[in-house]
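Visitor: Just passing along the structure, written as structure tokens.
Protein chains: 2
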Amino acid sequence: MSLAQIRYFVAVAEEGHVGRAARKLHIAQPPVSRHIRSLEDELGSALFARTPRGMKLLPAGEVFLDHARKILAAVEQATRALRHT
Amino acid sequence: MSLAQIRYFVAVAEEGHVGRAARKLHIAQPPVSRHIRSLEDELGSALFARTPRGMKLLPAGEVFLDHARKILAAVEQATRALRHT
DNA sequence: CGGATCCAATACCGTTTCGATCTGACCGGG
DNA sequence: CCCGGTCAGATCGAAACGGTATTGGATCCG
Chain D
3 MSLAQIRYFV AVAEEGHVGR AARKLHIAQP PVSRHIRSLE DELGSALFAR
53 TPRGMKLLPA GEVFLDHARK ILAAVEQATR ALRHT
Chain F
3 MSLAQIRYFV AVAEEGHVGR AARKLHIAQP PVSRHIRSLE DELGSALFAR
53 TPRGMKLLPA GEVFLDHARK ILAAVEQATR ALRHT
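Protein chains in written order, with this note's numbering: chain D, 3 to 87; chain F, 3 to 87.
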């Protein structure tokens with residue numbers, strides 16, 4: 003699991019679409035798809051339901067989204083703490 | 003910044019030596035050296051004082067160590083939360 | 001002194017990972 | 001039907017990564 007994967011996951015969860023998340027992240031769509039897939043593989047549980055209209059968070063995804071945001075917040079806080087030393 | 007870098011940093015901080023941290027992490031010493039350096043570059047402040055006896059945490063390093071542990075704990079908690087879904 | 005020792009840092013190389021582009025598969029709306 | 005929108009797979013060039021070998025610097029000891 004990488005921080006990039008976590009950021010991609012949060013973006014997809016928030017946008018509801020891999021493509022829109024990709025645009026927001028300024029990268030192409032397939033890499034986002036792959037990262038989400040590999041994240042699910044690593045965690046051992048599906049996080050999204052794939053529908054023709056986009057990606058819908060599953061219960062496991064909701065749980066992980068909460069933790070993911072905490073991780074990213076902790077990272078941001080860490081960098082901010084050193085910004086003025 | 004990557005989770006691997008954060009793990010390497012914590013290991014070096016705990017061991018006090020790049021080499022020992024590397025052994026603990028089951029990787030070679032140079033990669034650890036490089037990751038620490040690039041982490042410092044990215045954060046814009048030195049985290050360790052290089053001494054002939056090893057690496058000694060600077061004040062900025064102590065601050066970051068605290069945050070680093072929180073990040074890793076959050077990651078562990080995230081994976082644990084999905085272990086049983 | 002001077003060589004041995006113990007560190008981290010650098011150079012270089014092969015492998016792996018990553019992202020971009022192109023393409024395919026699937027479903028819903030007109 | 002076919003068309004628009006969406007995700008997934010294949011392929012390729014570029015970047016990152018880790019390993020080995022080596023260098024550089026500072027201390028210790030004979």
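Just so it is clear, CB atoms sit at the ideal spot from N, CA and C, and this is done for glycine as well. Predicted model, so just to flag it, every value in this text is computed and none were measured.
Can you check whether the C-beta of serine 4(F) is within less than 8 angstroms of a C-beta belonging to chain D?
Guide: Translated into positions along the second sequence, residue 4(F) becomes position 2. By this cut-off, serine 4(F) is an interface position.
Visitor: Please list the partners that serine 47(D) has in chain F, where partner means a Cβ-to-Cβ separation under 7 angstroms.
Guide: What you label residue 47(D) is simply residue 45 of the first sequence in a count that begins at 1. Those within 7 angstroms of serine 47(D) in chain F are Leu84 and Thr87.
Visitor: Going by DSSP, which residues form a beta bridge with threonine 53(D)?
Guide: For the purposes of this step, residue 53(D) is identified with residue 51 of the first sequence, where counting begins at 1. According to DSSP, which records beta bridges pairwise, threonine 53(D) is partnered with Gly56(D).
Visitor: Candidates Glu78(F), Arg52(F), Arg82(F) and Leu84(F): which alpha carbon is nearest leucine 5(F)'s?
Guide: Here the question's residue 5(F) lines up with position 3 in the second sequence. It is Glu78(F) whose Cα lies nearest to the Cα of leucine 5(F).
Visitor: Along chain D, which residues have their Cβ under 8 angstroms away from the Cβ of proline 61(F)?
Guide: If you number the second sequence from 1, residue 61(F) lands on position 59. What proline 61(F) touches in chain D: Thr87.
Visitor: Using a Cβ-Cβ cutoff of less than 8 angstroms, which residues in the same chain neighbour valine 12(F) once the five nearest sequence positions on both sides are dropped?
Guide: Locating residue 12(F) in the second sequence gives position 10, counting from the first residue. Around valine 12(F): Leu67, Ala70, Arg71 and Leu74.
Visitor: Considering just the uninterrupted stretch of the alpha helix (DSSP H) at alanine 8(D), what are its terminal residues?
Guide: Here residue 8(D) refers to the residue found at position 6 when the first sequence is read from its first residue. According to the sequence displayed, residue 8(D) carries isoleucine and not alanine. It spans 5-17 - the alpha helix (DSSP H) in which isoleucine 8(D) sits, taken as one unbroken run.
Visitor: Would you mind telling me which residues of chain F sit closer than 7 angstroms to histidine 69(D), beta carbon to beta carbon, in chain order?
Guide: In the first sequence, residue 69(D) corresponds to position 67, counting from 1. Here the neighbours are Ala76, Gln79, Ala80 and Ala83.
Visitor: Are the CB atoms of alanine 15(F) and alanine 76(D) nearer to each other than 8 angstroms?
Guide: On the second sequence, position 13 is the one that residue 15(F) refers to. On the first sequence, position 74 is the one that residue 76(D) refers to. Their beta carbons are not under 8 angstroms apart, which means alanine 15(F) does not touch alanine 76(D) by this criterion.
Visitor: Can you give me the start and stop residues for the alpha helix (DSSP H) that serine 47(D) sits inside?
Guide: In the first sequence, the residue the question calls residue 47(D) occupies position 45. Per DSSP, serine 47(D) belongs to no alpha helix (DSSP H) and is neither H nor E.
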